[in-house]
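Trainee:
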Amino acid sequence: MPESRPVPRDAVLIINARSRKGRDLFRRAVSRLRAAGITLTAAHAVRDPRKLIPTVKEAVRSGAPMVIVGGGDGSLSCAVDELVDRDCVFALLPLGTANSFARTLGIPLDLDGAIDTIVNGRRRRVDLGVVDGDYYANSAAIGLSPLIGATVPHGLKRRLGRVGYLIWAIWSIYRFKPFQLVIETEDGERHEMAALEVRIANGAYHGGVEVVDAAEVDSGEIVVQAVTGRIKHRLIRNWLAVLVGHRRWKRETVTDFHARKLKLTTDPPLPISIDGEVLGRTPATVEVAESAIEVVVPA
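Counting from 1 along the sequence shown, just add 19 to a position and that's the residue number in the numbering used here.
1) Would you decide whether Q244 is buried or exposed? Buried here means 16 or more other CB atoms lie within 10 Å of its CB.
2) Please report the Cβ distance between V230 and V263, rounded to the nearest whole angstrom; I am assuming they are in contact, meaning their Cβ atoms lie under 8 Å.
3) Measure the alpha-carbon distance for V149 versus H63 and round it to whole angstroms.
4) Give me the Cβ distance between A160 and S96, rounded to the nearest whole Å; I'm assuming they're in contact under 8 Å.
5) Quick check on the burial criterion: 16 or more other C-beta atoms within 10 angstroms. Buried or exposed for A223?
6) With contact counted as at least three CB pairs below 8 Å, one residue from each stretch, are the stretch 231-238 and the stretch 198-208 in contact?
7) For the candidate residues A61, S164, K282, R42, whose alpha-carbon lies nearest to that of E208?
8) CB-CB under 7 Å to I126, same chain, minus the five flanking residues each way: which ones, in chain order?
9) Measure the C-alpha to C-alpha separation of D146 and I293 and round it to an integer number of angstroms.
10) Which residues does DSSP pair with Y224 in a beta bridge?
11) Taking all protein chains shown into account, decide if Y154 is buried (16 or more other Cβ within 10 angstroms of its Cβ) or exposed.
12) Of all the alpha helix (DSSP H) runs that stay within the bounds of the stretch 57-119, which reach a length of 4 or more residues?
13) Exposed or buried, which one is K70 when buried takes at least 16 other CB atoms within 10 Å?
14) Counting only the same chain and skipping the five closest in sequence on each side, list residues whose C-beta sits under 7 Å from that of E306.
15) If I measure Cβ to Cβ from P165 and keep anything under 8 Å in the same chain, skipping five residues before and after, which residues do I get?
16) Under three-state DSSP, which class holds D29?
17) Roughly how many angstroms lie between the CA atoms of P21 and L259, to the nearest whole one?
18) Our contact map puts A48 next to I57 with C-beta atoms below 8 Å; I'd like the distance itself, whole angstroms only.
19) Helix, strand or coil for H252 per DSSP?
20) What number of angstroms, rounded off, separates the C-alpha of A36 from the C-alpha of E211?
21) Please classify D100 as buried or exposed, where buried requires at least 16 neighbouring CB atoms within 10 angstroms.
22) Does the separation of the CB atoms of G299 and A117 fall below 9 Å?
23) Candidates S310, A308, A303, I312: which alpha carbon is nearest D151's?
24) Opposite K280 in the DSSP bridges: which residues?
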């Protein structure tokens, strides 16, 4: 296997200043990256989320050898679309609430640790998930997660972080209803079941915890995991099993499907959250984009 090229020393820094830590850490990130030997040809603190994608797109078009994006999983997921099949390395500063993609890649969650990874790490080719043509970094979901993502007050998320998500999840589960799920494979197989939640995983982490053990970012396949049944306590049991690491309870409450491409249909049609942002809706085609981008990971 040929030796990987070194991580670039020139980069454009783009930080979502609306993310939980973004506004506080932008100046510190600029200072410490420069002190560590990274030449920043541009540095942007993006306060309007609508300007994040155009800023990343312009950085890639400008020929930047590396783009460093700071923010939560939603910001990172928006950014990856612009780097697919481009000769531009993606580096990340995990500044969000869950930081699932950083956890999947083994990147430290503190600013100094993440910068050390950029300075001393290595390049790695990873897969991306795709929902109806929309690339994403780590995990998409149908069921309770989109309900939480669409309704959680931003102030609660900003002040309490993952605890805020948990409080809102408990509140949301009373309004949540099971649904009918149909999964169709490329070779015509059809699987129908009652479901409480569906995870469409490119990586193991979802909501900041390890949920889909079998999902890896360089496996060349997508993993669809359905929490099956109609009784809400099965979903509660599954999440408890996830939080405490009880593998047998997890296996008893889920069914996994591994494939390069699957079609998902629900009755009723439901929203899909993609790395924490509600961006899709069923029916949907989900697939893997193999070795789609190059990221910086710990050496």
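Here a beta-carbon is modelled for each residue, glycine too, at the ideal position from N, C-alpha and C.
Mentor: Once the coordinates are examined:
1) buried
2) In fact, because the Cβ distance is near 13 Å, the residues do not count as touching under 8 Å.
3) 27 Å
4) Not a contact, Cβ separation roughly 12 Å.
5) Buried, because 16 or more other Cβ atoms sit within 10 Å of the Cβ of A223.
6) no
7) When the alpha-carbon of E208 is set against those of A61, S164, K282, R42, the nearest one is in K282.
8) Result list for I126: L111, P113, A133, T136, V316, P317, in chain order.
9) 15 Å
10) Partner(s): E229.
11) buried
12) 71-80, 92-99
13) exposed
14) Contacts found: V149, I241, R279, K280.
15) Hits under 8 Å: L289, P290, I291, S292, V297.
16) strand
17) Residue placement at P21 is poorly supported in this model, since its pLDDT is 45, which falls under 50; the coordinates still yield a value, given next. Approximately 43 Å, taken between the alpha carbons.
18) With a Cβ gap of about 10 Å, A48 and I57 do not count as contacting.
19) helix
20) If you take the alpha carbons of A36 and E211, they lie about 43 Å apart.
21) When all chains shown are included, D100 counts as buried.
22) Not a contact, by the Cβ cut-off of 9 Å.
23) A303
24) DSSP lists E306 as partners of K280.
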